[in-house]
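The structure appears below as structure tokens.
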Amino acid sequence: MFAFKTNIPKLKTKIEEEIRLVQGGFAPDLLDSVIKPAVEIAKNLTPRSKGDGSQGGRDMHGRFLKGSQHLQDGWVQKTIGGGGKGRAPVLFVIWNNFTHKRTGEPRPGGLLKKADGSKRDYTLLDIIEFGSHHRKPIVPVNAKALRFVVGGKVIFSKNVDHPGTRPYAPVRLTRLWLARAVAKFADKWARKIAKTWG
Amino acid sequence: MTIPAYRRQDYIERSILKHIVSTFEQPNADLSGKVSYLDSKFRSDDKDKWVALTFIESGAGRKGETLLQVDVYVRNLEKSAAAADRYGYECARVSHLFEQALHVRTIQLYSFATPSSPSLQAKKFALVQNSDGRFREPNSIRVWGEYEDDIARRTLTYRFILPEDLSSAEQFDD
Numbered sequence: 279m280f281a282f283k284t285n286i287p288k289l290k291t292k293i294e295e296e297i298r299l300v301q302g303g304f305a306p307d308l309l310d311s312v313i314k315p316a317v318e319i320a321k322n323l324t325p326r327s328k329g330d331g332s333q334g335g336r337d338m339h340g341r342f343l344k345g346s347q348h349l350q351d352g353w354v355q356k357t358i359g360g361g362g363k364g365r366a367p368v369l370f371v372i373w374n375n376f377t378h379k380r381t382g383e384p385r386p387g388g389l390l391k392k393a394d395g396s397k398r399d400y401t402l403l404d405i406i407e408f409g410s411h412h413r414k415p416i417v418p419v420n421a422k423a424l425r426f427v428v429g430g431k432v433i434f435s436k437n438v439d440h441p442g443t444r445p446y447a448p449v450r451l452t453r454l455w456l457a458r459a460v461a462k463f464a465d466k467w468a469r470k471i472a473k474t475w476g
Numbered sequence: 061m062t063i064p065a066y067r068r069q070d071y072i073e074r075s076i077l078k079h080i081v082s083t084f085e086q087p088n089a090d091l092s093g094k095v096s097y098l099d100s101k102f103r104s105d106d107k108d109k110w111v112a113l114t115f116i117e118s119g120a121g122r123k124g125e126t127l128l129q130v131d132v133y134v135r136n137l138e139k140s141a142a143a144a145d146r147y148g149y150e151c152a153r154v155s156h157l158f159e160q161a162l163h164v165r166t167i168q169l170y171s172f173a174t175p176s177s178p179s180l181q182a183k184k185f186a187l188v189q190n191s192d193g194r195f196r197e198p199n200s201i202r203v204w205g206e207y208e209d210d211i212a213r214r215t216l217t218y219r220f221i222l223p224e225d226l227s228s229a230e231q232f233d234d
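So the sequences go chain by chain: A and B.
Going letter by letter, the first sequence gives residues 279 to 476 in our numbering.
Going letter by letter, the second sequence gives residues 61 to 234 in our numbering.
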């Protein structure tokens, strides 16, 4: 007669302990220590003009509505699959809600317009991300002067020499930060799980 | 303790620019003199094609990475002319020249203590490696479908790191 002594029950207990650890805290920890800070980083990298923003609609005269929001206010995140149970397979999405849908598709209303009113295939976020080139001096076509508002002051001018926008790169720089933060996070959790083995 | 010259941000950036510019200064390089590092005085009104280089992150040598944005702009000229670049092929060709120039595994680092005659830093290199770990490849390529009515545009982003940045140590011990 033989009697086997194995450590299978002990292994099973340890693995169950690990599963409980991951299911109980992995996703919320990832959300708090990586995803939410990433949203803040994207916000901080997105420039904000003085006065009212341009993301919130226009009135019947085509003027921006008072109190409209800025592109910077549009950064949001959504947790998919992490609902009530905090289960391990979870997807986090960070996007700018003013210019894009959660799927990454640009919102039709967020596409920039050409002078003739038709739409381009990119949004303000693309210009903030990649910048733009120096423009030829902009001159009035149907009026004697150009009118625009800077810092709440109405300015009239015969032409505007736009130097272009520098690339602020909020998406690419946040991605870089995320890659480093996720690597550190994975390392932290690998150590946490290793601890269950004593 | 001083930061060694090979980890200086300005030297790393200038070494990358030196590599690019020296590539286009070769005989027969048709972009010679048309590559400019953007500054506030740059004006594009009178140019048919130009390339703008912008560093958007300068972390190489500091346990981070350096990102270079390369923007290729080509004016379509007269749309009806035979030479018109209405499908952006000229823009793609110029963009390809840049990909060729940066299709290298390493870029030699120099010290620019004497700017007119930079001195080579022996055995010190920056790696051209994208976020997926691939060498010699850009991090991303953005082809602008309809950027402006008369201008085609392509944007390449390159990532550079130093081999020393890859060490898992939290700090440099040099």
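From the three backbone atoms N, C-alpha and C, an ideal C-beta is built for every residue, glycine too.
- For B/Ser191, the chain A residues whose C-beta falls within less than 8 Å of its own C-beta are Arg453, Leu454 and Ala457, listed in chain order.
- At a cut-off of 8 Å between C-beta atoms, A/Gly409 counts as an interface residue with respect to chain B.
- Within chain A, not a single residue places a beta-carbon under 8 Å from that of B/Ile80; the smallest gap is close to 18 Å.
- Between the stretch 298-311 of chain A and the stretch 368-387 of chain A there are three or more C-beta pairs closer than 8 Å, enough to call the two in contact.
- Taking the C-beta atoms as reference points, B/Ser176 is found no nearer than 8 Å to B/Tyr170.
- Approximately 5 Å separates the beta-carbon atoms of B/Leu216 and B/Pro198; this is inside 8 Å, confirming the contact.
- DSSP, read as helix, strand or coil, puts B/Ile63 in coil.
- Listed in chain order, the beta strand (DSSP E) elements of length 3 or more contained wholly in the stretch 190-224 of chain B are 200-203 and 211-221.
- By the 16-neighbour rule on beta-carbons within 10 angstroms, A/Ala393 is exposed.
- Within the DSSP secondary-structure output, A/Asn374 pairs in a beta bridge with A/Trp353.
- Interface criterion met: the Cβ of B/Ala112 is under 8 Å from a Cβ in chain A.
- The DSSP-derived three-state label of A/Trp467 is helix.
- Judged by their CB atoms, A/Lys321 and A/Trp353 are nearer to each other than the 8 Å cut-off.
- In terms of Cβ geometry, B/Leu157 and B/Val188 do not form a close pair [threshold 8 Å].
- DSSP places B/Phe185 in the strand class (E or B) of the three-state scheme.
- Annotation: A/Ser435 to A/Arg425 spans about 7 Å, alpha carbon to alpha carbon.
- Closer than 8 Å to the CB of B/Gly121 there is not a single CB belonging to chain A.
- As computed with DSSP, A/Thr324 is found in no beta bridge at all.
- Against chain A, a Cβ distance below 7 Å from B/Thr215 picks out Phe408.
- When B/Tyr71, B/Phe115, B/Thr62 and B/Arg135 are compared, the shortest CA-CA separation from B/Arg214 is found for B/Arg135.
- Within chain A, the residues placing a beta-carbon under 9 Å from that of B/Gly205 are Arg398, Asp399 and Tyr400, ordered along the chain.
- One Cα belongs to A/His440, the other to B/Ile72, and the distance between them is close to 31 Å.
- Contact between A/Asp399 and B/Glu206 holds: their C-beta atoms lie close to 6 Å from each other, under 8 Å.
- About 20 Å separates the Cβ atoms of A/Pro315 and A/Ile406, ruling out a contact at the 8 Å cut-off.
- Taking the C-beta atoms as reference points, A/Gly442 is found no nearer than 8 Å to A/Gly388.
- Separation of the CB atoms of B/Ile116 and A/Pro448 is rounded to 10 Å, and the pair is thereby denied contact status at 8 Å.
- Nearest in C-alpha terms to B/Phe220, of all of B/Pro64, B/Arg74, B/Asp131 and B/Glu230, is B/Arg74.
- By the criterion of a C-beta distance shorter than 6 Å, B/Gly193 is surrounded by no residue of its chain, once the five residues flanking it on both sides are discounted.
- The beta carbon of B/Tyr133 is closer than 6 Å to those of Trp110, Ile211 and Arg213 in its chain, skipping five residues each way along the sequence.
- Assigned with DSSP and collapsed to three states, B/Gln231 falls in coil, not helix or strand.
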